[in-house]
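Each protein sequence line maps, in turn, to chains A and B. When we follow my numbering, the leftmost residue of the first sequence carries the number 1, and every step to the right adds one. When we follow my numbering, the leftmost residue of the second sequence carries the number 1001, and every step to the right adds one. For every residue, glycine included, the Cβ atom is placed at its ideal position computed from N, Cα and C.
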Amino acid sequence: MLANLSLKLFVRELRSGYLTSMLLSLVLAITIVSGISLFTDRLEKALSSETKEFLGGDLKFESNENAIKDSLKELNLNSSNFLEMAVFASMVISEEEMQLSSIKAVDKSYPLVGEVELKNESGTYKTRNNPPPGTLWLDERLKNLLFLEYGDVLYLGDAEFTFTATIVYEPDRGSTNFAFAPKTIMNIEDLGKTNIIQPGSRVEYNYLFTGSETEIGQIRTLLEKNKKKGDEIESLGEDSSSLGRATDRSENFFLLGGLIAVLLSACTVGISSQRFARRHISYVAILKTLGMQLNQIRSLYLLLFLYITLLTLSLGLSLGWFLQSNFISLMDSYFPTELPTPGFYPLYVTCLTVLICQFGFIFPHISKLLDISPMRVLRSDISFNQNILPMFFMGLMAFFLLLYIYTNQITLSLIIFSGVIVFSFIGIGFIYLMLGRSKLGLGAQDPVNLALSELRRRKLSNSFQIFAFTVAIGLSLITFSASKNLLGSWQNSIPEDSPNNFAINITKEDKDLMKPFLSEKGVEIKTFFPVANAKILRKDGQAEIDRNFNITWVEDLPDQNVVSAGNWFTEDEINGLSISSGISERYNLEIGEQIIIQMEDGAIETFIQSIRTVNWDNFSPNFFLIGHPSLFEKQTSTFITSFFIPKKDQKVASDLMREFRTVSIFSVEELIKQVREIINQVTKALNSILLLTCLSSIFLAFSALQDGFDQRRHQSAILRTLGATSGLVRTSSLIEFSILGLLSGILGSLMAHTGVYFIESKVFEVTPSFYPEIWVMGPIIGIGVVSGLCFYLVNGLMKQSPRDLLKLQT
Amino acid sequence: MILSTKKLRKEFPSGETSLVILDDISFNLEEGKSLAITGPSGSGKSTLLSLLAGLDTATSGDIILDGINLNNLNEEERAVIRKDKVGFVFQSFELLPSLTALENVMLPSELKSEEDPEKKGEYFLNRVGLSDRKGHYPNQLSGGEQQRVAIARAFACSAKILFADEPTGNLDPKNGKLISDLLFEVNSETDNALVVVTHDQELASKCDKKIQLKLGRIVD
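Structure representation (structure tokens):
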């Protein structure tokens, strides 16, 4: 009987149209959540395998000695999950030319992950093997510089080799620090006969490992135990490359969009549930009067909401799948292979979101509904229990849980949660006080008086309504801002003429000749940074800083560096050292701290003068340490610079390398292209999220208005019965809601401004900016959307005769 | 003649056909007189009242209220007629819950932009014996008190004709009698005509004229 009754009730509710906003909001929330989580899940899996390829394995150990090899024996590692390589710089000599190259000598396990793509006279091909002994693979640039043909003879140290292939793609391109010069790959067995590695030679030994999490854990423990000064361990997830940061940020954008849309939908569901419960008061009272037990009524409503859940889940998940397919199709050109199939996590997150929305925003209203007394049948003035605290508490709990699920960070969730609570209290309190005390009478003489009187009279409900509009407008503006301004600033951080070539190992003499040489060919160089290797020690000897840094010394603050603490160098004071904020946090270095900079040419005693935030994505030379030139007058150094060579003039790079043979030049063109491509695709995908978030906002605004209009319907009927014209009711409503919209718009702009500041500084780690358009758009959207929706609802009311409206009411 | 109807007919669409609620309703009511409309449930009493008061339009026929044919007017014009010439008392009181008793009574004067609505409101509230309850909201008043506020509001309209739809229908017999007495008492002090829809024969007997409806037609 219950199943039958609940089905009838469900069909009746669907037909009545009263559930429309709740259903649409739930479907929209599920679509967005499932779409985004399916997409990010697949993206993460793909990125993890991409990063694994980029790193060359699950774990990398870098050392200047190959001493660790003996310790590794005790692990009995299988050759399929362990690779040894030696990386160094040396001259490669052909019959006609010679050129400095970054050499990678690899053992038979190479490549440990993925495949190497090569090209020879027969075309491109992929291989899972290392170069056969006696052969060399070179990158295209080196082939051109050395004027080589396949099969030509090459010399490396004392050994002779055959050039057999050019490198198109190497999976472990992130695994070496010598990747500045054109690349050569050789077999490690040939290393001995070259006689290049001698005691004191600058060589880096890299050991790459793959395996299960436990195996990698064991290896890491062993490596940590045997690690010496200067040795470094890097594992997956520690990718700090531009590409890694770009994809991390894109995920942050998606999750932010998802969270906002879910919060908006949750508010809509809450308001719709309140209306649902109000409409069902008499129904529940009658069922109770007819003798239905509370458990049966509870089951009836549980079944009803089970149908709603199943319907919205099936619709939302289908639309979510469609949404993620669209995102994938936008991004698929970036991924070389098919994206992995999603796991169960997206389904879990979606179902959990629906469950939390139901428990937090629907069930408290249903629970109140079930408490209604059967006496309601006789006395229509009996309504809900006025205690709203438990309902409020459940809503807040659900809100916090949703935050936690989407941010996965307890501190961040607490910060946002408390921020929103404080903002709500201040916002609602402020609106309440601002609306002022109502005067005697309704002010029905004219539309303006009536509107102002209504604003004051419904102070509390208006405050909540303004708050709902504020949330809708504020969150939409945040998403809009994220989509336009944040992405814009991100895109602008890589302008069209971003430096796409780096030159290092530049001597003072080369420096003086390079600038005119390039200038003649139309390439401008802004700054040559002196660069040297340094170690910093605390003067008090406490807590050792266990790594070396590249240090430069310049008078002017480099572009896209911002001093976050202390002061930049000035001419009339004693100057010291500026450090990056990352280094300051990692080693707990503070302004004014006395330090010793230890360099090849001696030690310099100084102090920390400033801390800088650095935009590491700007494709210009960036430094952890910058000193004042006066401290480094006696230091010898080489120089580093970056410059932009247009694509059509790439020959300039080869000419430059020929002219300045000791200077190493490497191109980041491909990397810039990749990052730019991701940004463009993310922008497209985020626009879809923006559209869906705006839809959620409109649903929320509409639900809030509809809820308010239920109460106004009665008033409108009585006013019109007593002779008020439709014009008076319509105009006063429009004035009232335009004021509500304007206030909401202003507060929404304030909320968006604060939110964007927080997101820019904390989530995306860029310098926060002031966006005037937020302050223009907020009020315009507020007035436009709220009064537009109001016009639609009032027109609906005006089409009905006062008699029908009064009948509906009773 | 304050009110007259001629061959009034009201139909409501029902599927592909239409349902006749009222048919061939013709009667006259002189100024200052009272009329009771009685009949069983579903006979069309309330529909007739809403047509007479200009809350709804007839399918055919004429309703002449103070010399104006309501069936020739649009909703805006009928609203002006309601404001200037008509007062209402409903079975379910229909007070605005967000206004106090006094503010509810002031409402018609406000809509007419009359001077000092407060004074007029207080006068009528006093007249129905509720001056001490003027600051109370409807949910703080009993059913009888709410209906008294509604009566005060109806008289504050300075209307030429007052329509009351089952004014005692939601009240116990004691309160019902009090309200019906009050209605006729205050009405006698004005020159208003009064049209009452009621099941209450005692209330109907107080009226100067009575028509009985059955299945949408006048039978008596």
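8 Å contact criterion, which residue i and residue j should meet: CB distance rounded
i        : j        : result
Ile271/A : Ser703/A : 4 Å
Ile735/A : Val448/A : 6 Å
Thr693/A : Ile260/A : 5 Å
Glu641/A : Phe469/A : Note on residue identity: the sequence assigns Thr, not Glu, to residue 641/A. Thr641/A to Phe469/A, Cβ: 53 Å. No contact.
Leu256/A : Ile781/A : Going by Cβ atoms, the distance from Leu256/A to Ile781/A rounds to 19 Å, so no, they are not a contact pair.
CA nearest to the CA of residue i, picked from the options
i         : options                                       : result
Lys484/A  : Ser235/A, Met91/A and Lys684/A                : Lys684/A
Glu496/A  : Phe644/A, Ile780/A and Ile405/A               : Phe644/A
Val1195/B : Leu1107/B, Phe1012/B, Ala1164/B and Glu1122/B : Ala1164/B
Glu590/A  : Ser580/A, Thr570/A and Ile366/A               : Ser580/A
Gln1147/B : Leu1111/B, Asn1104/B, Asp1116/B and Ser1109/B : Asn1104/B
Ile32/A   : Glu760/A, Glu573/A, Ile196/A and Pro346/A     : Pro346/A
Glu659/A  : Glu97/A, Asn81/A and Phe82/A                  : Glu97/A
Asn687/A  : Ser212/A, Met777/A, Ala482/A and Phe430/A     : Ala482/A
Leu1065/B : Leu1178/B, Asn1192/B and Met1106/B            : Asn1192/B
Glu121/A  : Val153/A, Phe163/A and Ile219/A               : Phe163/A
Phe709/A  : Ser637/A, Pro779/A, Phe737/A and Leu9/A       : Phe737/A
Ala701/A  : Leu518/A, Leu148/A and Ser476/A               : Ser476/A
Asn326/A  : Ala724/A, Phe39/A and Ile405/A                : Phe39/A
Leu142/A  : Glu232/A, Val92/A and Glu555/A                : Val92/A
Segment limits, alpha helix (DSSP H) that includes residue i
i         : result
Glu1145/B : Gly1143 to Ala1156
Glu520/A  : Lys508 to Glu520
Tyr406/A  : Leu389 to Thr407
Tyr1137/B : No alpha helix (DSSP H) contains Tyr1137/B, which DSSP labels as neither H nor E.
Phe1088/B : Taken as a continuous stretch (DSSP letters only), Phe1088/B belongs to no alpha helix (DSSP H), being part of the beta strand (DSSP E) at Val1086 to Val1089.
Val729/A  : Ser726 to Phe758
Gly1042/B : Run containing Gly1042/B: none; DSSP gives neither H nor E here.
Asn1175/B : Pro1173 to Glu1189
Tyr283/A  : Ile281 to Thr289
Asn226/A  : Glu213 to Asn226
Phe825/A  : The structure shown does not extend to residue 825/A, since chain A is modelled only from 1 through 810, so no value can be given for it.
Lys193/A  : Leu191 to Thr194
Contacting residues, own chain, Cβ-Cβ under 6 Å from residue i (five flanking each side not counted)
i         : result
Lys119/A  : Thr166 and Val168
Ser1050/B : Asp1056
Lys108/A  : Asn130
Arg1082/B : Gly1054
Leu136/A  : Leu154, Phe161, Phe163, Thr184 and Met186
For residue i, three-class secondary structure by DSSP
i         : result
Glu573/A  : coil
Arg712/A  : helix
Gln324/A  : helix
Thr479/A  : helix
Ile185/A  : strand
Arg1009/B : strand
Tyr771/A  : coil
Tyr345/A  : helix
Glu204/A  : strand
Arg437/A  : coil
Lys1214/B : strand
Ser1113/B : coil
Met777/A  : helix
Ala89/A   : strand
Arg12/A   : helix
Phe639/A  : strand
Phe61/A   : strand
Tyr150/A  : coil
Chain-order list of residues whose beta-carbon lies under 7 Å from that of residue i (same chain, five-residue window excluded)
i         : result
Tyr1137/B : Pro1097 and Thr1100
Gly1044/B : Ile1021, Leu1022, Leu1213 and Gly1216
Endpoints, the beta strand (DSSP E) within which residue i is located
i         : result
Pro530/A  : Phe529 to Arg538
Met1001/B : Counting along the chain, Met1001/B falls outside any beta strand (DSSP E), and DSSP gives it neither H nor E.
Arg612/A  : Gly602 to Val614
Cut-off 8 Å between Cβ atoms - residues of its own chain near residue i, not counting five sequence neighbours on either side
i        : result
Arg42/A  : Gln324, Ile328, Leu339, Pro340, Thr341 and Pro342
Ile197/A : Ala86, Phe88, Leu191 and Val203
Tyr432/A : Lys459, Leu460 and Ser463
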